[in-house]
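First comes the structure, then the notes that go with it.
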Amino acid sequence: MRDQPLAGETVELQRNTGSGWSVADNEKTDSEGKVEIPAEITETADWRLSYDGDPIHDPDNSETERVESIEPVDEQIVAAAAAQEGDPYSYGSAGPDSFDCSGLTQYAHEQAGVELPRTSSEQRDALDEVPQSEKKPGDLLFFADGGSVYHVGIYAGDNEIWHAPQDGETVHRKELWTDDYTVGRAW
């Protein structure tokens, strides 16, 4: 029986809490001695698998793995825009200390690892349109006069956008003032 798979044995998924190891979940090994323990990682921590052993088999732990929690891209985009709150509007600026509307959208997406063209028209042309009823936080809302885009913002949820509006104003969150816009998603 030496070096044979252990079927039906409990293996624990453990997280280092800083003051010891805590069991996050457990599963039984399959007939090949393998185990899968799906887990949603919500915070960065050290993780390991642990087997307590039995009278015949020694306990063992896997190597410790550092797992980084990653915020979803849409949330990263909204958070990056929100972090610019109060920065001044400046035509042609794309951050990090001042923005025009498309500079803010490009910058926020860039912070989340998503590339966008520089101008609002180029951004709209680069993205597939999403129905308004399906918009999600992190999407771009394009405001156009005829066919020409004059403004773009990042949908924040709750019928509001993050945007850099015009000279004399700062990046801020604002309630949508019209339903005449198109939606694009880059993530």
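With the working numbering, letter number 78 in the sequence shown gets 78, and the count goes up by one each step, no holes.
All C-beta atoms in this analysis are idealised placements derived from N, C-alpha and C, irrespective of residue type, glycine included.
4 is the residue among 128, 4, 70 whose C-alpha sits nearest the C-alpha of residue 31. For residue 19, the secondary structure class from DSSP, reduced to helix, strand or coil, is coil. One alpha carbon belongs to residue 21, the other to residue 144, and they sit about 55 Å apart. The shortest CA-to-CA distance from residue 106 to any of 16, 134, 76 is the one to 76. A straight-line Cα-Cα distance of about 6 Å links residue 166 and residue 89. Sixteen is the threshold: when 16 or more other Cβ atoms of the shown chains lie within 10 Å of the Cβ of residue 154, as they do, the residue is buried.
Residues 5, 6, 7 of the same chain have their beta carbon placed closer than 7 Å to that of residue 33, with the five preceding and five following residues left out of the count. Taking the Cα positions, residue 183 is about 16 Å away from residue 108.
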